[in-house]
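Student:
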Amino acid sequence: MTTSQAAGNVCTVSALTTRKQETANSVDSEVIYLPGTDCAIKSQASLSAFTSYRVGGAAEWYVAPRNLEALQASIKYAKEQNLVVTILGAGSNLLVSDGGLPGLVIATRHLRSKYFDPATGRLTVSAGESIPSLAWEAADLGWQGLEWAVGIPGTVGGAVVMNAGAHNSCTADMLVSAQVLLPDGTLETLTPDQLGYQYRTSLLQGGDRIITQATFQLQPGFDPAQVVATTKQHKKHRLSTQPYNFPSCGSVFRNPKPYSAGWLIEQTGLKGYQIGGAQVAQLHANFIVNRGGAKASDIFCLIRHIQHQVQEHWSIWLEPEVKMIGEFQVC
258 MTTSQAAGNV CTVSALTTRK QETANSVDSE VIYLPGTDCA IKSQASLSAF
308 TSYRVGGAAE WYVAPRNLEA LQASIKYAKE QNLVVTILGA GSNLLVSDGG
358 LPGLVIATRH LRSKYFDPAT GRLTVSAGES IPSLAWEAAD LGWQGLEWAV
408 GIPGTVGGAV VMNAGAHNSC TADMLVSAQV LLPDGTLETL TPDQLGYQYR
458 TSLLQGGDRI ITQATFQLQP GFDPAQVVAT TKQHKKHRLS TQPYNFPSCG
508 SVFRNPKPYS AGWLIEQTGL KGYQIGGAQV AQLHANFIVN RGGAKASDIF
558 CLIRHIQHQV QEHWSIWLEP EVKMIGEFQV C
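Mind the numbering: the sequence shown is residues 258 to 588 in the numbering used here, read in order.
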């Protein structure tokens, strides 16, 4: 088994039961039930609904565990079946190929729990919690520290893995520790120093450790109205400067210091450039939007076109921030 990175009944992997299930488009899909649980591993599950681009093919197998034990059981099953594992959070920084993904896709969006500790100012949350929702909850409590994150369209797990950030702040700034699941099913707690954080990346990217929980240091005790007001300002700024009227994954490329990727793309004359249903956004050139009917291959080819054009004009090769998984044909 290899891995790539994205309270309920406990899943076990003994005495598996299977049956065929007819989908809405009349294509049979196999479902493997893990007895005594509410876990179902489904075959040929479409991933387009689980990515913010709304594109992508099917997962060979798909499961969405609802607790840590279920996640551990899913990993154990994949190991026993020699399946490659792909972790999927909110799908907000991901481009899945039209051909889909082999192996087992594990969605962590149902791993939900949170605890605001007023004595320490620490927030401990599971990997599937929504970053924007946490920002609003913290603001309502009068806790400072997450105002910047209100526009980050993802989960805690994804934010920790990629060091998500905005407004000159980032995940690494407030992370105290991260709990990860190792391939052998055991848990390990890591500090930010052990995660090797850099701009929009960490040692967890491309590795086989899965984020299950994170603890952040915030600052409680402030006037909730003031924290909410600041959070609203950040949200308003995001809405006024970034396109939210069409599906997108947020910023496509990392900013190559000292330049802004969006500025380089705009100065190259690519705003509005379109391949199939994928377009360089008019409002912000570092966004690619799905104008309707786009395929993953359209977005992939547009990414490559932007890279080559910026390279030709500026001698700078833009590095993608979006993670592209699956097989893509050369454009």
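By construction, the Cβ of each residue, glycine as well, lies at the ideal position given by its N, Cα and C atoms.
Let me check understanding here. Comparing Cα to Cα, which of L540, T412 and P440 lies closest to L340?
Tutor: Within the sequence shown, numbered from 1, the residue matching residue 340 stands at position 83. That would be P440, whose Cα lies nearest to the Cα of L340.
Student: Give every residue of the same chain whose Cβ lies closer than 7 Å to the Cβ of T487, excluding the five residues on either side of it in the sequence, and list them in chain order.
Tutor: As a first step, residue 487 is located in the sequence shown; it is residue number 230 there, counting from the start. Same-chain partners within the cutoff: E404.
Student: Is the distance from the Cβ of K492 to the Cβ of G402 below 9 Å?
Tutor: Taking the sequence shown and counting its residues from 1, the one referred to as residue 492 is at position 235. Taking the sequence shown and counting its residues from 1, the one referred to as residue 402 is at position 145. Cβ distance not < 9 Å, so K492 and G402 don't count as in contact.
Student: Between Q451 and G550, what straight-line distance do the alpha-carbon atoms span, to the nearest angstrom?
Tutor: Residue 451 sits at position 194 when you count from the first residue of the sequence shown. Residue 550 sits at position 293 when you count from the first residue of the sequence shown. In a straight line, the C-alpha of Q451 is about 42 Å away from that of G550.
Student: Short check: CB of G422 to CB of I468, under 9 Å?
Tutor: Along the sequence shown, one-based indexing puts residue 422 at 165. Along the sequence shown, one-based indexing puts residue 468 at 211. No, they are not a contact pair.
Student: Would you list, in sequence order, the uninterrupted alpha helix (DSSP H) runs of no fewer than 4 residues that lie entirely inside the stretch 519-580?
Tutor: If we require 4 residues or more, the alpha helix (DSSP H) runs fully inside the stretch 519-580 come out as 553-571.
Student: Please report the residue range of the beta strand (DSSP E) in which E317 lies.
Tutor: Along the sequence shown, read from residue 1 onward, the residue named residue 317 stands at position 60. It spans A315 to V320 - the beta strand (DSSP E) in which E317 sits, taken as one unbroken run.
Student: Can you tell me whether DSSP reads V433 as helix, strand or coil?
Tutor: On the sequence shown, position 176 is the one that residue 433 refers to. In this structure, V433 counts as strand in the three-state DSSP scheme.
Student: Specify, as a first and last residue, the run of the beta strand (DSSP E) that L358 falls within.
Tutor: For the purposes of this step, residue 358 is taken as residue 101 along the sequence shown, with counting starting at 1. Note, L358: beta strand (DSSP E), L358 to A364.
Student: Just to check my reading of the structure: G385 and V353 have Cβ atoms closer than 8 Å, yes? What is that Cβ distance to the nearest angstrom?
Tutor: Walking along the sequence shown from the start, residue 385 turns up at place 128. Walking along the sequence shown from the start, residue 353 turns up at place 96. Wrong, their Cβ atoms sit about 18 Å apart, outside the cutoff.
Student: Between V484 and A396, how many whole angstroms is the CB-CB distance? I'm expecting something under 8 Å.
Tutor: Counting from 1 along the sequence shown, the entry for residue 484 is found at position 227. Counting from 1 along the sequence shown, the entry for residue 396 is found at position 139. With a Cβ gap of about 4 Å, V484 and A396 count as contacting.
Student: Select from R369, Q329 and R495 the residue whose C-alpha is nearest the C-alpha of F544.
Tutor: Stepping through the sequence shown from its first residue, residue 544 is reached at position 287. Taking only the C-alpha atoms, the option nearest F544 is R495.
Student: Give me whichever residues DSSP pairs with F373 in a beta bridge.
Tutor: For this step, residue 373 is matched to residue 116 along the sequence shown. Per DSSP, L380.
Student: Determine the DSSP secondary structure at R404, reduced to helix, strand or coil.
Tutor: Mapped onto the sequence shown, residue 404 falls at position 147. Strictly speaking, residue 404 in this sequence is Glu, with Arg absent from that position. Of the three classes helix, strand and coil, the one that applies to E404 here is helix, per DSSP.
Student: Give the secondary structure of T595 by DSSP, where H, G and I count as helix, E and B as strand, and everything else as coil.
Tutor: Residue coverage of the chain in this structure runs from 258 to 588, which leaves residue 595 outside it and unanswerable.
Student: Going by alpha carbons, who is nearest to F479 out of L398, N425 and Q470?
Tutor: Indexing the sequence shown from 1 puts residue 479 at position 222. Residue L398 is the option with its Cα nearest to F479.
Student: Could you pull out every residue in the same chain whose Cβ sits closer than 7 Å to the Cβ of A416, ignoring the five residues on either side in sequence?
Tutor: Walking along the sequence shown from the start, residue 416 turns up at place 159. Here the set comprises I388, I409 and T428.
Student: Taking the CB atoms as reference points, tell me whether Q436 and E445 lie closer together than 9 Å.
Tutor: Here the question's residue 436 lines up with position 179 in the sequence shown. Here the question's residue 445 lines up with position 188 in the sequence shown. Yes.
Student: When you compare only the Cα positions, how much space is there between A316 and K371?
Tutor: The residue labelled residue 316 in the question sits at position 59 within the sequence shown. The residue labelled residue 371 in the question sits at position 114 within the sequence shown. About 29 Å.
Student: What number of angstroms, rounded off, separates the C-alpha of Q338 from the C-alpha of S303?
Tutor: Residue mapping note: residue 338 aligns to position 81 of the sequence shown, counting from 1. Residue mapping note: residue 303 aligns to position 46 of the sequence shown, counting from 1. If I take the Cα positions, the gap works out to 21 Å.
Student: Return the chain-ordered list of same chain residues with a C-beta closer than 6 Å to the C-beta of T381, the five sequence neighbours on each side being excluded.
Tutor: Start at 1 with the first residue of the sequence shown, and residue 381 comes out as number 124. So the list reads Y372 and T472, once near-sequence residues are dropped.
Student: When you compare only the Cα positions, how much space is there between T458 and L351?
Tutor: Position 201 of the sequence shown holds residue 458. Position 94 of the sequence shown holds residue 351. Rounded to the nearest angstrom, the two C-alpha atoms are 14 Å apart.
Student: Between which two residues does the beta strand (DSSP E) carrying A471 extend?
Tutor: Taking the first residue of the sequence shown as position 1, residue 471 is located at position 214. Residues I467 to Q474.
Student: May I ask you to report which of helix, strand or coil DSSP gives F307?
Tutor: For the purposes of this step, residue 307 is taken as the residue at position 50 of the sequence shown. Three-state result, F307: helix.
Student: Can you tell me which of Y290, Q490 and L345 puts its alpha carbon nearest to the alpha carbon of A306?
Tutor: Here residue 306 refers to the residue found at position 49 of the sequence shown. Looking at the Cα atoms, L345 is the closest of the given residues.
Student: State buried or exposed for W393, treating a residue as buried only when at least 16 other CB atoms are found within 10 Å of its CB.
Tutor: Here the question's residue 393 lines up with position 136 in the sequence shown. Result: buried.
Student: With three or more C-beta pairs closer than 8 Å as the rule, is the stretch 547-563 touching the stretch 326-338?
Tutor: At 8 Å Cβ cutoff, the stretches do not touch.
Student: Cβ-heavy atom distance between G463 and the ligand NAP below 8 Å?
Tutor: By its list of ligands, the structure shown contains no ligand whatsoever, and the ligand NAP lies outside what it can speak to.
Student: Using 9 Å as the threshold, is the C-beta distance between G534 and R511 below it?
Tutor: Taking the sequence shown and counting its residues from 1, the one referred to as residue 534 is at position 277. Taking the sequence shown and counting its residues from 1, the one referred to as residue 511 is at position 254. No; because the gap between Cβ atoms is not below 9 Å, this pair is not in contact.
Student: Measure from the alpha carbon of E523 to the alpha carbon of each residue in P515, A538 and I532, then state which is nearest.
Tutor: What you label residue 523 is simply residue 266 of the sequence shown in a count that begins at 1. E523 has its Cα closest to that of A538, out of P515, A538 and I532.
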